[in-house]
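Read in order, the letters of the sequence shown correspond to residues -30 to -1, 1 to 729 in mature numbering (1 follows the signal peptide of the UniProt record, and there is no 0).
Glycine included, C-beta positions come from ideal geometry on N, C-alpha and C.
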Amino acid sequence: MTSFRYTFRLTTAVCASLAVLTIQPYHAVAQDITAAYEAPFQGPRATHNSSGVFQKSVAIQVPAFRGLEPRLSFSYSSAGTRVSTAESALGAGWQLGGLSKISRKAKRNGLPRFDSADEFLLDGQRLVPCPQENKKAGCAAGGSHTTWTQSYLRIKKNAENWQVTRHDGTVLTYKPLSAWATYDASKDVEKKLAESYRWLLASKADTHGNTVSYTYDCSAFPTCLIDEITYQASSVVFNWEDRPDPLSYATGLKLGKLSKRLQSVVVKADDSVLRAYKLSYDQSPATKKSLISGIQEFGSDATLAEGAVSGGTKLPQHTFSYSGQTPQISEAGHQKYNKNSSGYAHRVFNHNDDKQLEAIVREKKSKFNCSFAKSDHLNDLDLTNHKHSCYTDNYFEAYSLRTSIGRKHELYLFYMEYYYDIFLPQYYDLIPSLDPTYYGTRVGDFDGDGLDDTLGKKGVLKTIDGHRMIYTTHSKGKFTKSTTEDWAGDDNDYIVGEFNGDGLADLFEVKSNKITVKRSNGEDGFVNLFAKSGSYGSKVAVGDLNGDGITDFLTYHGGTKFKAHYTVGNTLETSSDITLSGYSDTSDTALQIADINGDGRGDIIASRWKKNSSTSTYFRLYLNEGNGSFSYLAGSGSHTINGSATAYVGDMDRDGIAEIIERESNALNVYGDKRYYLVTDLPDVMISATDPSGVEQTISYSLYKGEVDNWFPYPRRIVSSVTTNDGRGSLSTTHYSYSGGKWDYERSLFLGFEKIITT
């Protein structure tokens, strides 16, 4: 399908509001974090740096005040278009720059647990407690914490606030949400969120008593929005409006909700308007998310109506356009193998990034054998040095595992023969006492080293004690038994998921009356995260339903009614009824959740499969509206082939967008020769920006997936070129190429690229 761009016509502001272009860096040098967030505006500049992310800022000009005045801006990052957080209060990818906060997180950037193991972050920089001995810099000056990267700040956590002191004596005071929120202190959840979840910048004062004060609107607690900044005779007022695309996000204790977006910013001096900034929005045709289409500055005669700038002398606008296309089903072909002889059980999976589905098929020849199906051929698995083939039992699983840093995935076949065997065809290691059971071998990164591990029940033929043994992988690609043999805390029915954002594989179990989640502690077992009793219907699907990066649950409750159960940390929050128009329990026998249109939120794929059905089978797509509802994608139910349905839903080529693979009516062929997709490019990414002087920048992106000897865990959208048109007919293009991307598994964050070539 041909994609298209849509452009919003808006002009610019004067040199007072020139834009900044950067490709966002990860700084691994000593720095003043708070000063970086409030750095003076430098005017237009274009640089490249170590992360490949496109970033643009439009400054908000405010009166000077002895160097204490806030350095505010409207700031865009191409890395933030798919996530829902408390900071997503402008448009997709945009935030209000120049504010500061201290937030609470679990280790590895997970959802906070509100216990002593939690960590604190100052504007994203990890804080570590000061040592008891050999104190240096801010710790020696009386601080309680220091930044992970030395910043030479004195950071002190007090009973009711945090104070950060700069080298010039300026003190930044951070207060908990309770300073502005109305809450019920008798309720443990509200008390914790109000008093120990986030600390927002409340004041900034120099050694002479000059002070800048910040106030917030916490009427949607725990979401708090900046309301006003005051100092001397000046103020900056922030006006908010209802947004058509409300967001929600997990806090660790409950669901936070964001129903507003920034409408205007009014700068005042002596209680009179000095200037005002108007934000214009459109909704993405691909995702229905809010997109900032223009930013315009008005003069001192600006008029306002209920917070909206309605008139006055104005400067040309900044204009922005984004990638995006209206979702519609398109088809692509690929080769398939044809298997005409008798066959039995099969497993379907994606082994690499070649846009091709693979499968393991068990067939009967002189004895039962397993064959590996890929593209247009079928190869028997090499069973050398094995004493058995795929014999006597249908229960087996095929996985594409990553077993060594810097290596591609390898193919492994796990199966029950005598109820305890497991085959590892690539390395010929036989691991006894590892039973996949009916529910399959558990595969995931349980210990957080970036390598896939396997989890099986201990002593199936000896004792059944409710424990499992975990086998982890090391740099040579061999499975080795974990140093802690018994990883306690699960039974047969648990399967793998990720429920707290820390990058460790967790386990979950769904029953009709209870959902249980157990998180990996990364060391020796699983810890109960929650066991939530309730009515969970007759069907369940799992996936991220609200785009906050945490796995949620969708359950079926009869007719066309469903419920979403959002994982918020240590519990679930259940939605009201969700209606899927046209859904039929008798026809739509399978449910899956995947991000089909690239907005970061899980969509619903309903499908059926009846071999040799007399009526056409099909799949139906329901796109996530972001407001708790799902809309049926017109025409998706017309994609029918007699006896076929969805065989596989997933991101086959690791571009961040899922595809749907058709299943053949002939079960022996496993999958058909078509795949379906809705969009070709990641939506809502800025592709052009025009400043007030008419200078236009056009941005192109590519996808980084790692290299042959440097595997990378997530596809990353990076800038490949920036073309600048100076408005007078002169064009210049800068191209970027990248290698050596580094991912920090311990902290679950991207460190940057080892090498960037600019031409």
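- The beta-carbon separation of Lys238 and Ser205, rounded to 5 angstroms, stays under the 8 angstroms limit for a contact.
- Relative to Ala501, the option among Arg489, Ser482, Thr521, Thr541 whose CA is nearest is Thr541.
- Per the coordinates, the alpha-carbon of Asp212 lies some 15 angstroms from the alpha-carbon of Ala62.
- Non-local C-beta neighbours of Gly626 in its own chain, meaning closer than 7 angstroms and more than five positions away in sequence, comprise Gly568, Leu652, Pro685, ordered along the chain.
- Annotation: the continuous beta strand (DSSP E) that includes Ser709 extends over 701 to 714.
- When Ala604, Lys644, Phe600 are compared, the shortest CA-CA separation from Tyr618 is found for Lys644.
- Judged by beta-carbon spacing, Lys71 lies within the 8 angstroms limit of Leu171, meaning their Cβ atoms are closer than that value.
- The distance from the Cβ of Gly418 to that of Gly471 is about 13 angstroms, inconsistent with a contact at the 8 angstroms cut-off.
- For the pair Asn180 and Arg36, the CB atoms are nearer than the 8 angstroms cut-off.
- Sorting Thr257, Arg231, Tyr592 by C-alpha distance to the C-alpha of Ala278 places Arg231 at the top.
- Here Asn209 is bridged, per DSSP, to Ser234.
- Lys157 carries a coil assignment under DSSP once its states are collapsed to helix, strand and coil.
- Arg245 has Val237 as its beta-bridge partners, per DSSP.
- For Ser45, the CB contacts under 6 angstroms within the same chain, skipping 5 residues up- and downstream, are Ser27, Gln65, Gly67 in chain order.
- Cys188: not part of any alpha helix (DSSP H); member of the beta strand (DSSP E) spanning 181 to 190, first to last residue.
- Taking 8 angstroms as the upper bound for CB-CB distance, Ser293 and Asp654 are in contact here, some 7 angstroms apart.
- Here Ser43 carries a strand assignment [DSSP, helix/strand/coil].
- Per the coordinates, the alpha-carbon of Pro216 lies some 29 angstroms from the alpha-carbon of Arg489.
- Between Ser114 and Lys126, the alpha-carbon positions lie close to 5 angstroms from each other.
- Its chain contains Asp215, Glu595, Gly596 as the residues whose beta carbon lies nearer than 7 angstroms to that of Lys258, once the 5 sequence neighbours on both sides are disregarded; these appear in chain order.
- Under the criterion of beta carbons closer than 8 angstroms, Lys484 and Ser503 qualify as touching, at roughly 5 angstroms.
- Taking the Cβ atoms as the reference, Thr116 lies roughly 5 angstroms from Cys109, within the contact range of under 8 angstroms.
- Within the segment 82 to 110, complete alpha helix (DSSP H) segments of at least 4 residues are found at 107 to 110, given in chain order.
- Our two residues, Asp661 and Gly50, have alpha carbons roughly 22 angstroms apart in a direct line.
- When DSSP reads this structure, Asn498 sits in a beta bridge with Lys488.
- One alpha carbon belongs to Gln298, the other to Ala256, and they sit about 10 angstroms apart.
- DSSP, reduced to helix, strand and coil, places Lys284 within a strand of the structure shown.
- The distance from the Cβ of Tyr506 to that of Leu550 is about 17 angstroms, inconsistent with a contact at the 8 angstroms cut-off.
- Burial is judged here by how many other beta carbons sit within 10 angstroms of a residue's own beta carbon; Arg245 has at least 16 and is buried.
- Note on geometry: alpha-carbon atoms of His178 and Val487 lie some 53 angstroms from one another.
- Cα atoms of Gly112 and Arg124: separation of roughly 7 angstroms, rounded to the nearest angstrom.
- Closest option to Gly94, judged by alpha-carbon separation, among Ile726, Arg717, Val510, Glu724: Arg717.
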